[in-house]
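Residue numbers (the numbering used here), protein chains in the order written: chain A, 1 to 286; chain B, 287 to 679; chain C, 680 to 1027.
All C-beta atoms in this analysis are idealised placements derived from N, C-alpha and C, irrespective of residue type, glycine included.
First up is the structure itself, then whatever we jot down about it.
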Amino acid sequence: MPPVFGVLFDGLAYGMLLFLLSVGLSVTLGMMNFVNLAHCSFAMLGGYVTVTLMNALGWPFLATLPVAFVAAAAASMVLERVFFRRFYRASDLEQCLLTIGVVFVSIAAAAYIYGTDQQPLQLPAYLRGSFVFAGLNFAAYRLFLIAVALCITIALIAGIEATRFGAQVRAAVNNQRMARGLGINVDVLFAITFALGSGLAGLGGALAVAMVGLDPSFAFTYLIYVLIVVSVGGLGSIAGSFAAAMVLGLSDIAGKYYVPAIGSVLIYLVMIVLLMWRPLGLFGRR
Amino acid sequence: MQKLHCGLAGLAAALAIAGGPALAQDTIKIGIINPYSGQFADTGIQLDNGIKLYVKQHGDTVAGKKLEFIRKDVGGVAPDLAKRLAQELIVRDHADIYAGFALTPNALAVADISAEAKKFMVVMNAATSIITTKSPYIARTSTTTPQLNQTIGTWAAKHGVKTAYTMVSDYGPGIDAEAAFHTGFKEAGGEIVGSVRFPVANPDFSAFVQRAKDANPDAIYIWIPGGAQPAAVGKALAERGIDPTKIKVLGQDALAFESARKSMGEIALGIITVSNYDSNIDTPLNHEFVKAYNEEFHRNPDIYSIGGYDGTRLIYEALQKTNGNADGEALIAAAKGMSWQSPRGPITIDPETRDIIQTVHIFQVEKVGDQLLNVEIDRVENVKDPVKERMKH
Amino acid sequence: MIPKSGIRFSEEIMRQQSPMTDQALAAPRDYLQAQIRWQWGEIVFWLATLLPFVLTPSYLVLASQIAITALFALSLDLILGFCGIVSLGHAAYFGVGAYTAGLLSKWGFGEPLSGLVLAALAAGIFGYLSSFIIARFRHLALIMLTLGLALLLQEIANSASWLTGGSDGLQGIHTWPIFGRFRFDLYGYTAYTYSLALLFVVFLVARRLIHSPFGLALRGIRENTTRMPAIGAAIRGHIRTIYTIAAAIAGIAGALLAQTTETVSLEVLGFQRSADVLVMLILGGTGRLYGGLIGAAVYMIARDQFSGLNPQFWYFWIGLILIAVVMLLPGGILGGLSRLASRAKDKP
């Protein structure tokens, strides 16, 4: 097999990671129009939870993942209830300012507690190393990541399409006023969705550590990539986030392999072209 | 209008000077311009720890004068802010000496002020060759990028590496490193079979590593800054099937930093790096230094710490030599030619260029007990900055 | 007496779009003339900007950088506060201005005022060209496009290191004394006088622009894009015009920074700079002309003071301040204050 397939496989894994980090923001932004720039702070929280459980308490890696999810979900629920919900009526710009303030505070807290250096993470032996197939190397961890992300995607789509809760979410995203009019408790719905989305971000953060590292600046660095995925995919759309993450992850990697000279700008060019072609996103609707 | 302007300036200057502390003559103020926050915070903090350790060990009085350290956060690459902080250190705090400087653009900006106001300036990390040429009052105690990377280029060619593929980060130091490696490697008979530059904020390296593998070189040379990238590159190398014990993987210190080794695990074995310092250097002086550093800061010192530590020593010894005179001319004259034994090895401040002359070490990652450590496999002594050497001829 | 020329000029623009009789123009003209009168708060503000010369002469360099950032924030306010265009990439024009002024100086032409003019021109051209894309989009797509364009420009500037000096920055900038006499000194007297004078002049121009029929049209676009064509206003044309003007002003701010600090590096084009100015503007209050100025002053002074007290964690306190402002002062500092003022007025 030509080596490019190995590279594309890696790009796929990277795209899946971006998907996990972004899907929550896409749905909450689409449903409630609440600009939560602190989304990646929850991802960072998930990462630090995993690192702490493994390094300080000796937990096995797989066991830390659900805890990362729950911790991020719980933290976001508290923050939403106590704090964010007062600002749903505020302007977009004020929500920006508020959540940027939260990001600053979260980065300072992470730096204070954990320091500014990289958090080391030792994966269990069965997730290290790579398989050789058709003459190419496939990293075990990336396979794992793809598998986890696919399972979650299927669960999300099944949940959205086949459950009552999912139907309510879809209704609220499509037309919030109408949904309220029909008696759907949109506030509770949003609180749950927000928690789920942040939980997924936390899980994404935990999975990201072994691939791209973790330090306090994570909350800001990945925010840009997440915003790109969310805007290209379309607000409120799981399929959109998935498609956007795939397109961006694959084109980024393929670009760097074939034309490294423009490698750094390809992701921005792709975003600009896609947004100009589809301003509402690939699967967005307004 | 100009007279009024000058009058106002003079009045304010007089007020500013008169308003200064009465003890100005017995205190020497050292302004540390360093990134304490932002993405280079870790570098800044390790550098600052080096300074703090030296001060703890030797007290804060030199030649009868008390030293006061004023710390200013530059937040990252911000030459306009660095310049303003340097101006304010003179105008508000009446600082006598500048120290710190983790990043080149900031050092270059402050060099202007150092030259204009004739202040002694010690660069403790920034590694671009031209920095010391920007002010006659600058001395450097860290290293220069060419000093390290040209050396490993030459070393590799002399140790069985005939072809190399280079990959560097696409910004100043990376580009300098690429040029230096190419020069050293080619001059010693090697052939560069390909080169690529990665974007600065690159999270995923598999595409680049695959390109390197396609070229089938004897060695792959990688230059990336510290942080998350070294581990990511290491993993990409393993994932794409490159074994550092078969194809040599060469790089500068960051590639085999402690945090990178911990994250990479066994796949780091065999990586060869060039550096001016590692906490594993096997001399009694270094073991003492590492022990003291561990006790104080609960982590190991690195290249940034040693730059801060030796830079502070330079300030102390220069002040000792001038008998407490903090004048820029006096201090730089005292600093020129100064030589001492540092935990990294013997170092000298070159009297001509005011840059550092030191031993360049070649390390390899090996398993020692149950840890992965950088073990010294070779060294080159008394290395000067090759770029400035070339500029002379 | 208010010179009628400014209002006449913008009336011409409106007249070209749709014929109106002089009588129909009378009521809007009176409204605008009332708006453009100087209020005592504004006079106090501008007098206060002279205080640093006397009260805190050791802070003049900081003051000059605040003035420059305030000018940059003002340029963002023109498109964001008055026209509703949220830009996460406004630093692109700031950077173009900075590099233009820096390169001119490096190539031997360090005259500051003409450098400003050329920088404004260069940034204006970039703004004009990008406005063709910008004017066609709204909401999230617009925000991400502005971000994408700026990041693209920064990468290009990094690659073109033969021109821009790459990440090490432009070297060899030397600004000539202003009018041949006023050197840029260590204390920052010339720098602050220069920056403040420029801020004031450009502010006057912006103020005149905003309190004109053109300015009203912009606010109409911000409020209700669907309605505007119905009354004969050309949306895209107006957006392109204000975007070009805002880009030119951002370019002037960038050039001022390059000239007063004699440094230019890639981060003048960076996301951090765009994000910071956006935060400062929202903090001060958008759509009020003074919001950007106040926001810039508050943010930069707070940052300076906190970072002096706590170099490692100053941004924690800044985060708290941002949260506090959103909680206590809706509409930013000026918005919140005006709400308090009107509430105080209502109390018997």
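What does DSSP give as the partner residues of residue i in its beta bridges?
i                     : result
residue 407 (chain B) : B:384 and B:424
residue 353 (chain B) : B:314
residue 453 (chain B) : B:482 and B:508
residue 650 (chain B) : B:558 and B:661
residue 642 (chain B) : B:635
What first and last residue would you give for the alpha helix (DSSP H) that runs through residue i?
i                     : result
residue 629 (chain C) : The structure shown does not extend to residue 629 (chain C), since chain C is modelled only from 680 to 1027, so the question has no answer here.
residue 270 (chain A) : 263 to 277
residue 153 (chain A) : 140 to 162
residue 492 (chain B) : 492 to 501
residue 967 (chain C) : Unbroken run through residue 967 (chain C): none, as it is neither H nor E.
residue 114 (chain A) : 92 to 114
residue 472 (chain B) : 458 to 473
Got a sec, what are the start and stop residues for the beta strand (DSSP E) residue i sits in?
i                     : result
residue 681 (chain B) : Nothing about residue 681 (chain B) can be read from this structure; chain B reaches only from 287 to 679.
residue 837 (chain C) : Looking at the DSSP string, residue 837 (chain C) is not in any beta strand (DSSP E); the run it does join, the alpha helix (DSSP H), is 818 to 838.
residue 632 (chain B) : 631 to 635
residue 507 (chain B) : 505 to 509
residue 478 (chain B) : 477 to 484
residue 534 (chain B) : 534 to 538
residue 737 (chain C) : Looking at the DSSP string, residue 737 (chain C) is not in any beta strand (DSSP E), and its letter there is neither H nor E.
residue 627 (chain B) : 625 to 628
residue 132 (chain A) : 130 to 133
Only counting the same chain, and skipping five residues up and downstream in sequence, which positions put a Cβ closer than 6 Å to that of residue i?
i                     : result
residue 470 (chain B) : 436, 439 and 440
Give a yes or no on whether the minimum CB-CB distance between residue i and chain C is below 7 Å.
i                     : result
residue 101 (chain A) : yes
residue 74 (chain A)  : no
residue 307 (chain B) : With a pLDDT of only 45 at residue 307 (chain B), under 50, the local geometry of the prediction cannot be trusted, and no value is derived from it.
residue 272 (chain A) : yes
residue 458 (chain B) : yes
residue 114 (chain A) : no
Does residue i have its Cβ less than 7 Å from a Cβ in chain A?
i                     : result
residue 490 (chain B) : yes
residue 882 (chain C) : no
residue 808 (chain C) : no
residue 548 (chain B) : yes
residue 389 (chain B) : no
residue 530 (chain B) : no
residue 755 (chain B) : Beyond the ends of chain B as shown, which are 287 and 679, falls residue 755 (chain B); an answer cannot be given.
residue 525 (chain B) : yes
residue 974 (chain C) : no
residue 902 (chain C) : no
residue 834 (chain C) : yes
Should residue i be flagged as near chain B, meaning a C-beta pair shorter than 7 Å?
i                     : result
residue 955 (chain C) : no
residue 874 (chain C) : no
What residues in its chain sit with their C-beta under 8 Å from that of residue i, if we drop five residues either side in the sequence?
i                     : result
residue 739 (chain C) : 731, 732, 866, 867, 868, 870 and 871
residue 238 (chain A) : 23, 26, 27, 153, 156, 157 and 160
residue 135 (chain A) : 1
residue 184 (chain A) : 168, 171 and 172
residue 890 (chain C) : 711, 714 and 715
With a CB to CB cut of under 7 Å and the five nearest residues on each side skipped, what residues in its chain are close to residue i?
i                     : result
residue 364 (chain B) : 392
residue 472 (chain B) : 478
residue 550 (chain B) : 517, 520 and 521
residue 189 (chain A) : 168, 169 and 172
residue 193 (chain A) : 27, 28, 31 and 169
residue 457 (chain B) : 486
residue 937 (chain C) : 777, 780, 781, 852 and 943
residue 923 (chain C) : 803, 806, 807 and 810
residue 728 (chain C) : 875
Compute the distance between the beta-carbons of residue i and residue j, then report whether it is under 7 Å.
i                     : j                     : result
residue 372 (chain B) : residue 396 (chain B) : yes
residue 199 (chain A) : residue 73 (chain A)  : yes
residue 403 (chain B) : residue 443 (chain B) : no
residue 530 (chain B) : residue 508 (chain B) : no
residue 76 (chain A)  : residue 42 (chain A)  : yes
For a test of your reading of the model: does the CB of residue i fall under 6 Å from any non-hydrogen atom of the ligand GTP? Yes or no.
i                     : result
residue 137 (chain A) : Judged by which ligands are present, the structure shown has none, so any question about the ligand GTP falls away.
Chain E contacts from the region 223 to 243 of chain A (Cβ-Cβ distance under 9 Å): Absent from the structure: chain E. Protein chains present are A, B and C.
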